[in-house]
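Quick note: to get our numbering, add 102 to the position in the sequence shown (first position is 1).
Virtual Cβ for every residue (Gly too), placed ideally from N, Cα, C.
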Amino acid sequence: MTTLPQISLAKLAADATGREERQRLRLACEEYGFFYLVEHGIPKEQVTQAIEASRRFFALPQSIKERYGHASQGAYPTIARGYSPLHGEILHPEAGRDPKEVFDLGIENEGDRRPFAGSTRFPDDALAPGFARSLLALQATVLNGVVPQLGTALADLIDMEQGWFQRHFSPPTLGQRVIRYPARGGTCAKHTDGGFFTLLLQEELPTRSLQVWFRGRWMPVPSLPDSLVVNLGDMLQALSDDRFKSTPHQVAHNGLSDRISLPFFIYPDIDARLTSRLGRHAFSVAEMMLGNMASIETGNGAGRARELQ
């Protein structure tokens, strides 16, 4: 593998090309668990605005950023929303604390008291111009324009009944992150993602910081202009009866400038209980998500991190 497969969201949705593109998507899911998503419809200027606003937020004094930390948010679990400083998170126990900064958010619903729900306490526009506005605008575009089409195609490929994705992802549970990897040494330790799939928007930098575990070695993934990177999560691997791969990955950023990363972690509705088509796997979404968060909080790693040597 010199690069990941490219899947066109526009072709998936088109009558004339959808069948062929879904077959290409199936092969990407079975072989790699990672692919580029092109022709996705997200305006480039919207991504640029979110990245620039995120840079302004991370450039604020540390004392100000910490006002918006996890403990100030009122969400459950605590680490589901808000700011986490450098070395604030462990994704693999052997690697220790990751040198990265993070701000977490989700779908805004002030009255929802379920896990991973509620509202996010953002810095106001005077303090961090465009930060909340640009992230929430990007969230709306991703959830309305990309997630339903890609999710429905994936559900069809694992032989779920018609309407399955809409029924269990209306709305989805969302973990949205803004990550700053410092120049010359920002990292995110090896792990798998716990959800259905992850969409990654990132800066178009010459450094190949993202690395994917493929055929026994780490393969660098270059930034492809006008694309998203998509990877499958542990829930989708289980629901595919292990036909699709939730592939380990990590970030090792050695570039001369900071790297801003904008991942969207897509999970089913928090109240769902799901069973794979062949019945090999069944789980509660809430229990699986809370278990994964508890593992991160206690330093035991994310996803299947402890299986990765």
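Query                                                                                                                                                                               : Result
For the beta strand (DSSP E) that residue 248 lies in, which residues bound it at each end?                                                                                         : No beta strand (DSSP E) contains residue 248, which DSSP labels as neither H nor E.
Do you know how far the Cα of residue 165 is from the Cα of residue 109?                                                                                                            : 43 Å
Since residue 337 contacts residue 296 with CB under 8 Å, what's their CB separation in whole angstroms?                                                                            : 7 Å
Give me the Cβ distance between residue 252 and residue 403, rounded to the nearest whole Å; I'm assuming they're in contact under 8 Å.                                             : Rounded, the Cβ-Cβ distance is 27 Å, inconsistent with contact.
Buried or exposed: residue 349, going by 16 or more other Cβ atoms within 10 Å of its Cβ?                                                                                           : buried
What residues are listed by DSSP as bridge partners for residue 319?                                                                                                                : 316
Within the same chain, show all residues whose beta-carbon is closer than 6 Å to that of residue 103, passing over the 5 residues directly before and after it, in chain order.     : Low confidence applies here, because residue 103 scores a pLDDT of 47, under 50, leaving its location unreliable and the question unanswered by this model.
Check residue 372 in the structure and name its three-state DSSP category.                                                                                                          : coil
With distances taken Cα to Cα, identify the nearest neighbour of residue 274 among 282, 246 and 186.                                                                                : 246
Exposed or buried, residue 377, counting other C-beta atoms within 10 Å across all chains shown (16 or more means buried)?                                                          : exposed
Leaving aside the five residues before and after residue 276 along the sequence, list all residues of the same chain whose C-beta is less than 6 Å from its C-beta, in chain order. : 208 and 209
Once the 5 residues before and after residue 111 are set aside, which same chain residues still bring their CB inside 8 Å of it?                                                    : 139, 140, 141, 142, 143, 248, 251 and 252
Report the partner residues of residue 301 according to the DSSP bridge assignment.                                                                                                 : 332 and 366
Find out if the Cβ-Cβ distance for the pair residue 288, residue 355 is shorter than 8 Å.                                                                                           : yes
Between the alpha carbons of residue 409 and residue 162, how many angstroms are there, rounded?                                                                                    : 37 Å
For residue 365, I'd like the list of residues in its chain whose CB is within less than 6 Å of its CB, leaving aside the five on either flank, ordered along the chain.            : 279, 300 and 302
Which residue from 178, 197 and 390 puts its Cα closest to that of residue 353?                                                                                                     : 197
Could you give the distance in angstroms between the alpha-carbon of residue 254 and the alpha-carbon of residue 268?                                                               : 8 Å
Run through the segment 123-182 for me and flag every whole alpha helix (DSSP H) of 4 or more residues, listed as ranges in chain order.                                            : 146-160 and 164-167
Measure the C-alpha to C-alpha separation of residue 232 and residue 149 and round it to an integer number of angstroms.                                                            : 12 Å
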